[in-house]
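Q: Residue numbers (our numbering), protein chains in the order written: chain A, 29 to 382; chain B, 29 to 382.
2 protein chains.
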Amino acid sequence: MMEVTIKDIARIAGVSTGTVDRVIHERGNVAVEVRNRVQQVMRELGYQPNIMARSLANNRKSLRIAAILPDYRSDPYWVQPKEGVERAVEMVRHYGVALEFHYFPLFDPQGYSEKIREALATQPDAVLFAPLFLAESDWLIQETTRLAIPKVMINTRIESADALCYIGQDSYQSGVLAGRLLDFGLQDGDSAMVLTLDKGVRNARHLLDKQQGFKDFFGRPESKSITIYYEDFEAFDDDKALRQWLKTCLQDRPRLNSIFVTNSRAYHLAAVLDAETQKRVKIVGFDLLEPNLQLLADNKIHFLINQNAWQQGYLAVMALVNHLVLNKPVPSLQYLPLDIVVKENVEYYLQMNR
Amino acid sequence: MMEVTIKDIARIAGVSTGTVDRVIHERGNVAVEVRNRVQQVMRELGYQPNIMARSLANNRKSLRIAAILPDYRSDPYWVQPKEGVERAVEMVRHYGVALEFHYFPLFDPQGYSEKIREALATQPDAVLFAPLFLAESDWLIQETTRLAIPKVMINTRIESADALCYIGQDSYQSGVLAGRLLDFGLQDGDSAMVLTLDKGVRNARHLLDKQQGFKDFFGRPESKSITIYYEDFEAFDDDKALRQWLKTCLQDRPRLNSIFVTNSRAYHLAAVLDAETQKRVKIVGFDLLEPNLQLLADNKIHFLINQNAWQQGYLAVMALVNHLVLNKPVPSLQYLPLDIVVKENVEYYLQMNR
DNA sequence: TTACATGCCGTGTGCGCACACGGCAAAAAT
DNA sequence: ATTTTTGCCGTGTGCGCACACGGCATGTAA
Numbered sequence: 029m030m031e032v033t034i035k036d037i038a039r040i041a042g043v044s045t046g047t048v049d050r051v052i053h054e055r056g057n058v059a060v061e062v063r064n065r066v067q068q069v070m071r072e073l074g075y076q077p078n079i080m081a082r083s084l085a086n087n088r089k090s091l092r093i094a095a096i097l098p099d100y101r102s103d104p105y106w107v108q109p110k111e112g113v114e115r116a117v118e119m120v121r122h123y124g125v126a127l128e129f130h131y132f133p134l135f136d137p138q139g140y141s142e143k144i145r146e147a148l149a150t151q152p153d154a155v156l157f158a159p160l161f162l163a164e165s166d167w168l169i170q171e172t173t174r175l176a177i178p179k180v181m182i183n184t185r186i187e188s189a190d191a192l193c194y195i196g197q198d199s200y201q202s203g204v205l206a207g208r209l210l211d212f213g214l215q216d217g218d219s220a221m222v223l224t225l226d227k228g229v230r231n232a233r234h235l236l237d238k239q240q241g242f243k244d245f246f247g248r249p250e251s252k253s254i255t256i257y258y259e260d261f262e263a264f265d266d267d268k269a270l271r272q273w274l275k276t277c278l279q280d281r282p283r284l285n286s287i288f289v290t291n292s293r294a295y296h297l298a299a300v301l302d303a304e305t306q307k308r309v310k311i312v313g314f315d316l317l318e319p320n321l322q323l324l325a326d327n328k329i330h331f332l333i334n335q336n337a338w339q340q341g342y343l344a345v346m347a348l349v350n351h352l353v354l355n356k357p358v359p360s361l362q363y364l365p366l367d368i369v370v371k372e373n374v375e376y377y378l379q380m381n382r
Numbered sequence: 029m030m031e032v033t034i035k036d037i038a039r040i041a042g043v044s045t046g047t048v049d050r051v052i053h054e055r056g057n058v059a060v061e062v063r064n065r066v067q068q069v070m071r072e073l074g075y076q077p078n079i080m081a082r083s084l085a086n087n088r089k090s091l092r093i094a095a096i097l098p099d100y101r102s103d104p105y106w107v108q109p110k111e112g113v114e115r116a117v118e119m120v121r122h123y124g125v126a127l128e129f130h131y132f133p134l135f136d137p138q139g140y141s142e143k144i145r146e147a148l149a150t151q152p153d154a155v156l157f158a159p160l161f162l163a164e165s166d167w168l169i170q171e172t173t174r175l176a177i178p179k180v181m182i183n184t185r186i187e188s189a190d191a192l193c194y195i196g197q198d199s200y201q202s203g204v205l206a207g208r209l210l211d212f213g214l215q216d217g218d219s220a221m222v223l224t225l226d227k228g229v230r231n232a233r234h235l236l237d238k239q240q241g242f243k244d245f246f247g248r249p250e251s252k253s254i255t256i257y258y259e260d261f262e263a264f265d266d267d268k269a270l271r272q273w274l275k276t277c278l279q280d281r282p283r284l285n286s287i288f289v290t291n292s293r294a295y296h297l298a299a300v301l302d303a304e305t306q307k308r309v310k311i312v313g314f315d316l317l318e319p320n321l322q323l324l325a326d327n328k329i330h331f332l333i334n335q336n337a338w339q340q341g342y343l344a345v346m347a348l349v350n351h352l353v354l355n356k357p358v359p360s361l362q363y364l365p366l367d368i369v370v371k372e373n374v375e376y377y378l379q380m381n382r
């Protein structure tokens, strides 16, 4: 059961461990025929470096990561990536990983810019961020590229940025999925509403993608014939206004039996529906936030699509560690599962992140 | 960013590293007041042993695991646990873990007994098994208990066995979940069939649990009023017989619009339905097997509940490693998520295990 | 008293790897 | 012919931990 070590390779190749080490790390100063011989032996014995010993010997170098995320206190959604990040850092503590958070206000491009500058001023070895604001992200992307600082993006993807990787949801596909779910519970001739509850980002890319996915699903021949309405409402914080607006929305559309809320704020909607409407209207939303869970348990929200926000944070840190510490390859694009959650299986997803 | 080491503790507590080591591993030969002092310092500094160094220093001991599972060549389902096990072993290779498979024929208690004896004869340090046959598992449980060999069970749970842990699906809950899904797509007055496609295990515990869960869901006030039929069919391998049997089943029940197949063999059923029936009947099955996936893509199976069989194998090995190598606590009961899979999100679950 | 056992503790070594350092010969510069 | 440089290679040390060994007191038996 003994593993193959550099000692074995050195012995068999008739060189010292130092030479084997030089070959492995391509540090030069090795004669060509010697190098070939060593590589040959490594291949024959199927040498795999012992990651334990490797990281033990490497422990002098530490990896400092700057994480730039929306303030979790301004929106419950962002608690999840934050906790995933924290958990990952805890797990790789022994690799000498240190991470510093830089929280910006969710709806404030100005504050975002400030935090970006603050983060880069600390001269991190790597950056983890959610580029919610495209224009303001430009400077960060250019600077990190210039300084050769690796970066991972979560939540929102900017294709032009040559990041180490993007980790997030496939927004388009989640729209398609929502269509599939509602289609199963609707009848021919029913209608559905795609509802955006957000502020000033009506045409944000990921929201548009979800709408498009939803629309495309109902364009498929296999789908039922459903009429789709698209609506925005910005004052989602104001229960009264929302209730009023919704009433007018529903009253002229008797067969509007389903609503697809394109972000994690379905709880605002479900909470203001009256009992009768709740029975009639099937709601699909996103993410396992506490208020959503409550309404799911009460059968007021029918499906939640879990975008695995927690995992996004976790995997983003792991991608950096894999790349910078363990020299392992990381996929440049990582879509997370779109879990379909109902109250009968929600418990499993909650317990995973604890 | 430096971690706290036993050296630090030794220095501050005014003892040697050897003494600290004795305290940590409770090996005795330490004066009471010295031990208390060391423990105090450890607590104050929040000492956490470096797992890299620990496993490096421990690498002499190796862990030999015997895995007793159904032959994956006799049933595609069992390919998944097998691959999960293999993957886990690969990941913890450096801990000195070696695993040997002992495959038994799926429907053969006799063969199961033989393999159990064969496995124990190799004197493993730990056992990983799926106790499909209760009576025959008795001997294994008693012997491993007598010899103090830790064991983990997957797939089927035997509560009386004092195993390290059970890892598997919650059968009852998966039945409830199937009920929830079909309920969403059915109308009041429709009916549903619970169909068991298995041989000679008609009253196996996990199948009964699924039936009960399904039934209980439709007993809830929130559910629609659905009539439920329970049927078994053993010759599921015989397409002709199955088609014929199904025909008679459906013809006297015009509103039988859904079938819940209680194991991973929904593909046998969906493959023999004629086009007209396929449109009418909604099918819920289990597990992401290749033939199931094909039919899911063709809209002939509507939902698959993923029991995460791959993860079962993976986590079972990890539980043993955590317990025996890393001295980490492991939960004695681990239910895996019941993923709801449709063709729009199936890709994510497939890519996870590759 | 001497001989021996026992409790308690420090020191040394090795796990597999990364990397600094220094040595030795051949090649280049003086 | 001599110094100096350069290419190539071996040796030594330390990462944090586990564990064997041996030492020094004190207590007990002869």
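By construction, the Cβ of each residue, glycine as well, lies at the ideal position given by its N, Cα and C atoms. In this text the structure is predicted, and so the values were computed from the model without any measurement.
Considering H130 (chain A), what are the terminal residues of the alpha helix (DSSP H) in which it resides?
A: First-last for H130 (chain A): V125 to F132, but that is the beta strand (DSSP E), not the alpha helix (DSSP H).
Q: Flag this pair as touching only if the stretch 242-251 of chain B and the stretch 275-284 of chain B have three or more C-beta atom pairs under 8 Å; answer yes or no.
A: No: the two stretches stay apart, fewer than three of their Cβ pairs being nearer than 8 Å.
Q: From E259 (chain B) to P365 (chain B), what does the alpha carbon distance come to, in whole angstroms?
A: Taking the straight line from one Cα to the other gives about 27 Å.
Q: Quick one: residues in its chain with C-beta nearer than 6 Å to the C-beta of Y363 (chain B), no 5 flanking neighbours on either side, listed in chain order?
A: Closer than 6 Å at the Cβ level, and outside the excluded window around Y363 (chain B), lie D198.
Q: To the nearest angstrom, report how far apart P137 (chain A) and E164 (chain A) are at their CA atoms.
A: Rounded to the nearest angstrom, the two C-alpha atoms are 7 Å apart.
Q: Can you say whether G203 (chain A) is buried or exposed, counting buried as having 16 or more other CB atoms within 10 angstroms of its CB?
A: Buried is the call here.
Q: So what's N86 (chain B) in DSSP terms, helix, strand or just coil?
A: Of the three classes helix, strand and coil, the one that applies to N86 (chain B) here is coil, per DSSP.
Q: Is it buried or exposed for L284 (chain B), if we count other Cβ within 10 angstroms and need 16 for buried?
A: Burial call: buried.
Q: Quick one: give me the first and last residue of the alpha helix (DSSP H) that I52 (chain A) is part of.
A: Note, I52 (chain A): alpha helix (DSSP H), T45 to I52.
Q: Within 10 angstroms of its Cβ, does H330 (chain B) collect 16 or more other Cβ (buried), or is it exposed?
A: Classification for H330 (chain B): buried.
Q: Would S251 (chain B) and D280 (chain B) be called neighbours here (beta carbons separated by less than 8 Å)?
A: Contact: no.
Q: Rank B:P98, B:Q67, B:E142 and B:V62 by C-alpha distance to the C-alpha of I52 (chain B) and give the top, closest one.
A: For I52 (chain B), the nearest C-alpha among the options comes from B:Q67.
Q: Helix, strand or coil for Y194 (chain A), going by three-state DSSP, please let me know.
A: If DSSP states are grouped into helix, strand and coil, Y194 (chain A) belongs with the strands.
Q: At a cut of 8 Å, does the stretch 89-96 of chain A reach the stretch 116-133 of chain A through at least three beta carbon pairs?
A: Enough Cβ pairs lie closer than 8 Å, so yes.
Q: Looking only at its chain, what residues have a beta carbon closer than 7 Å to the beta carbon of I37 (chain B), apart from the 5 residues adjacent to it on each side?
A: V48, V66, V69, M70, L73 and Y75, listed in sequence order.
Q: Buried or exposed for E118 (chain B), please, with buried defined as at least 16 other CB atoms from any protein chain shown within 10 angstroms of its CB.
A: Exposed, since its Cβ has fewer than 16 Cβ neighbours within 10 Å.
Q: Below 8 Å between beta carbons: does that hold for Y105 (chain A) and A337 (chain A)?
A: The answer is yes: Cβ separation under 8 Å.
Q: Whose C-beta lies closer than 7 Å to the C-beta of V62 (chain A) among residues of the same chain, with five residues either side of it excluded?
A: Excluding positions up to five away in sequence, the list reads V43 and T47.
Q: Between P178 (chain B) and A154 (chain B), is the Cβ-Cβ spacing less than 8 Å?
A: Their beta carbons are under 8 Å apart, which means P178 (chain B) touches A154 (chain B) by this criterion.
Q: Using CA coordinates, which residue listed in A:D226, A:T255, A:E304 and A:E31 is at the minimum distance from F261 (chain A)?
A: The residue with the shortest Cα to Cα distance from F261 (chain A) is A:D226.
Q: Between the beta-carbon of D99 (chain B) and the beta-carbon of L156 (chain B), is there less than 8 Å?
A: No, Cβ-Cβ distance for D99 (chain B) and L156 (chain B) is not below 8 Å.
Q: Out of curiosity, what's the CA-to-CA distance linking G196 (chain A) and V113 (chain B)?
A: Approximately 28 Å between the Cα atoms of the pair.
Q: Within 10 Å of its beta-carbon, does Y257 (chain B) have 16 or more other beta-carbons around it, so buried, or fewer, so exposed?
A: Classification for Y257 (chain B): exposed.
Q: Suppose you measure from the CA of P319 (chain A) to the CA of D267 (chain B); what does that come to, to the nearest Å?
A: Distance between the alpha carbons of P319 (chain A) and D267 (chain B) is about 49 Å.
Q: Alpha carbon to alpha carbon, how far is G313 (chain B) from L223 (chain B)? Give it in angstroms, no decimals.
A: Their Cα atoms are separated by approximately 10 Å.
Q: Any Cβ of chain B within less than 8 Å of the Cβ of F242 (chain A)?
A: It does not: the Cβ of F242 (chain A) has no partner Cβ on chain B nearer than 8 Å.
Q: Counting only the same chain and skipping the five closest in sequence on each side, list residues whose C-beta sits under 8 Å from that of R50 (chain A).
A: So the list reads G56, N57 and V58, once near-sequence residues are dropped.
Q: Taking just the CA atoms, how far does L270 (chain A) sit from L297 (chain A)?
A: Roughly 8 Å separates the two Cα atoms.
Q: Ordered along the chain, which non-local residues of its own chain (more than five positions away) have a Cβ less than 6 Å from that of D237 (chain B)?
A: The answer, listed in chain order, is S199 and Y200.
Q: Under 9 Å, CB to CB, which of the residues in the stretch 353-375 of chain B have a partner in chain A?
A: Residues Y363, L364, P365, L366, D367, I368, V369, V370, K371, E372, N373 and E375.
Q: Nearest to L205 (chain A) by CA position, among B:V32, B:V374 and B:I186, is which residue?
A: Nearest option by C-alpha distance: B:V374.
Q: For I287 (chain A) and chain B, any beta-carbon pair shorter than 8 Å?
A: Cβ-Cβ to chain B under 8 Å: no for I287 (chain A).
Q: Identify each residue in the stretch 73-91 of chain A for which the Cβ-Cβ distance to at least one residue of chain B is less than 7 Å, and report them in chain order.
A: Residues N78, I79, M80, A81, S83, L84 and S90.
Q: Take the Cβ of G341 (chain B) as the centre, count every other Cβ of all protein chains shown within 10 Å, and call the residue buried at 16 or more, exposed below.
A: Buried, because 16 or more other Cβ atoms sit within 10 Å of the Cβ of G341 (chain B).
Q: State the beta-bridge partners of K179 (chain A) as determined by DSSP.
A: According to DSSP, which records beta bridges pairwise, K179 (chain A) is partnered with A:V155.
Q: Can you list, in chain order, the residues of its chain whose CB lies under 7 Å from that of R115 (chain B), leaving out five sequence neighbours each side?
A: Answer for R115 (chain B): Y342, listed in chain order.
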